[in-house]
Amino acid sequence: MLAERLNDLLPQTQCTKCGYQGCKPYAQALATEGEALNRCPPGGRAGIAALAALLQQPLLEPDQSCGVLRPLHVALIDEQFCIGCTLCIQACPVDAIVGASKLMHTVVPEQCTGCDLCVAPCPVDCITMVPVSPERAWTPLDASLARARFESRQVRLAQEPESLRQSTPARAPVAMTDPLAATQGATQAMTQATGNDQAAGLAQTAKQAAIAQALTQALARARARRATHPVR
Ligand code: SF4
Ligand code: SF4
Ligand code: SF4
Numbered sequence: 026m027l028a029e030r031l032n033d034l035l036p037q038t039q040c041t042k043c044g045y046q047g048c049k050p051y052a053q054a055l056a057t058e059g060e061a062l063n064r065c066p067p068g069g070r071a072g073i074a075a076l077a078a079l080l081q082q083p084l085l086e087p088d089q090s091c092g093v094l095r096p097l098h099v100a101l102i103d104e105q106f107c108i109g110c111t112l113c114i115q116a117c118p119v120d121a122i123v124g125a126s127k128l129m130h131t132v133v134p135e136q137c138t139g140c141d142l143c144v145a146p147c148p149v150d151c152i153t154m155v156p157v158s159p160e161r162a163w164t165p166l167d168a169s170l171a172r173a174r175f176e177s178r179q180v181r182l183a184q185e186p187e188s189l190r191q192s193t194p195a196r197a198p199v200a201m202t203d204p205l206a207a208t209q210g211a212t213q214a215m216t217q218a219t220g221n222d223q224a225a226g227l228a229q230t231a232k233q234a235a236i237a238q239a240l241t242q243a244l245a246r247a248r249a250r251r252a253t254h255p256v257r
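Residue numbers (this note's numbering): 26 to 257.
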């Protein structure tokens, strides 16, 4: 089915920047409604080229109204300002945030797709998107892992009563004060979860190193920003 093949080419961040509620609806619109193939910023020009090849359509420049093209970013929570409201957890399409009601929350960087969806709901503006350094692109393996996490979340939400969905965090409380420790723990867990797949392990190790460096620098920047603009 064409929509499925198109969906396989999309980055699976579920960011909604294309104007649809996720990658699958956008793929469906591409397949059946003649939607423009240049509406996915996370896919970049390579994504446009892949869609154009499958659809046998001409290349287009990225539609800037959908967002800017940028290298991979990850969300960073400045935990000293987090009030534990869980709104970011509810917004995250891939369950990349851990925490519980009234407890601080932490992003698991390896699982973050950089979709930005947690930033706007945060009532105290303590989530910052930081570029992964050194710069790296979103890979097909990243997309595959994100899709698995998104689909797993969808299954879980479908099984939860509506009342629980609104009031209960996605995960058990955790005690994490060091984002680098969170990074390392998450990498180990992901490696186990993917059956110690060698390719996944190598990719995640590289991502961990890049993210650890970015986190250290970004946390310092975020705290400097807070010192200048304290939350009231
Ligand atoms: S990754 Fe692309 S196709 Fe998927 S939701 Fe975001 S913009 Fe839409
Ligand atoms: S942590 Fe934020 S930016 Fe990262 S995947 Fe979740 S919602 Fe998107
Ligand atoms: S939305 Fe902001 S304040 Fe609420 S739990 Fe998430 S990071 Fe903390």
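Note that the Cβ used here is the ideal one computed from N, Cα and C, for glycine as well.
*Keeping to the same chain, check which residues put their C-beta closer than 7 Å to that of GLY69; ignore five residues upstream and five downstream.*
Here residue 69 refers to the residue found at position 44 when the sequence shown is read from its first residue. These residues qualify, in order along the chain: LEU94.
*Is LEU142 near CYS107, with beta carbons less than 8 Å apart?*
One-based indexing of the sequence shown puts residue 142 at position 117. One-based indexing of the sequence shown puts residue 107 at position 82. A distance of 8 Å or more separates the beta carbons of LEU142 and CYS107.
*C-beta atoms of CYS91 and ARG64 nearer than 8 Å*: By one-based count along the sequence shown, residue 91 stands at place 66. By one-based count along the sequence shown, residue 64 stands at place 39. Taking 8 Å as the Cβ cut-off, CYS91 and ARG64 qualify as a contacting pair.
*Helix, strand or coil for THR216 per DSSP?*
Here the question's residue 216 lines up with position 191 in the sequence shown. Low local confidence applies: a pLDDT of 39 at THR216 is under 50, so the model's placement there is unreliable, and no value is given.
_Expected contact under 8 Å - CB spacing of ARG34 and GLY72 to nearest Å_ = Start at 1 with the first residue of the sequence shown, and residue 34 comes out as number 9. Start at 1 with the first residue of the sequence shown, and residue 72 comes out as number 47. Note that residue 34 is Leu in the sequence shown, not Arg. Under the criterion of beta carbons closer than 8 Å, LEU34 and GLY72 qualify as touching, at roughly 7 Å.
*Looking only at its own chain, which residues have a Cβ that is under 6 Å from the Cβ of GLU160, when we skip the five neighbours before and after it?*
Along the sequence shown, one-based indexing puts residue 160 at 135. Closer than 6 Å at Cβ, skipping near neighbours: PRO96.
*ALA152 versus SER177 - alpha carbon distance*: Taking the sequence shown and counting its residues from 1, one reaches residue 152 at position 127. Taking the sequence shown and counting its residues from 1, one reaches residue 177 at position 152. The amino acid occupying residue 152 in the given sequence is Ile; Ala does not appear at that position. If I take the Cα positions, the gap works out to 24 Å.
*asked:* Quick check on the burial criterion: 16 or more other C-beta atoms within 10 angstroms. Buried or exposed for GLU135?
replied: Working through the sequence shown from its first residue, we reach residue 135 at position 110. Counting C-beta atoms within 10 angstroms of its own C-beta, GLU135 has 16 or more neighbours from the protein chains shown and is therefore classed as buried.
*Any heavy atom of ligand 1 within a distance shorter than 7 Å of the CB on CYS43?*
Here residue 43 refers to the residue found at position 18 of the sequence shown. Yes; taking the cut-off as 7 Å, the Cβ of CYS43 has a heavy atom of ligand 1 nearer than that.
*How should ALA52 be labelled, buried or exposed, when 16 other C-beta atoms within 10 angstroms of its C-beta is the threshold for buried?*
Mapped onto the sequence shown, residue 52 falls at position 27. Under this definition ALA52 is a buried residue.
*Backbone CA spacing between THR111 and VAL119 [nearest angstrom]*: Reading the sequence shown from its first residue, position 86 is the one you call residue 111. Reading the sequence shown from its first residue, position 94 is the one you call residue 119. If you take the alpha carbons of THR111 and VAL119, they lie about 14 Å apart.
*Alpha-carbon spacing of LEU265 relative to GLU104, whole angstroms*: Outside the displayed span of the chain (26 to 257) sits residue 265, for which this structure offers no information.
*So who's on the other strand from HIS98, going by DSSP bridges?*
Taking the first residue of the sequence shown as position 1, residue 98 is located at position 73. DSSP lists PRO156 as partners of HIS98.
*Which partner residues of ILE122 appear in the DSSP bridge assignment?*
Here the question's residue 122 lines up with position 97 in the sequence shown. Per DSSP, VAL132.
_Enclosing alpha helix (DSSP H) for CYS48 [first to last residue]_ = Stepping through the sequence shown from its first residue, residue 48 is reached at position 23. 48-57 is the extent of the alpha helix (DSSP H) around CYS48.
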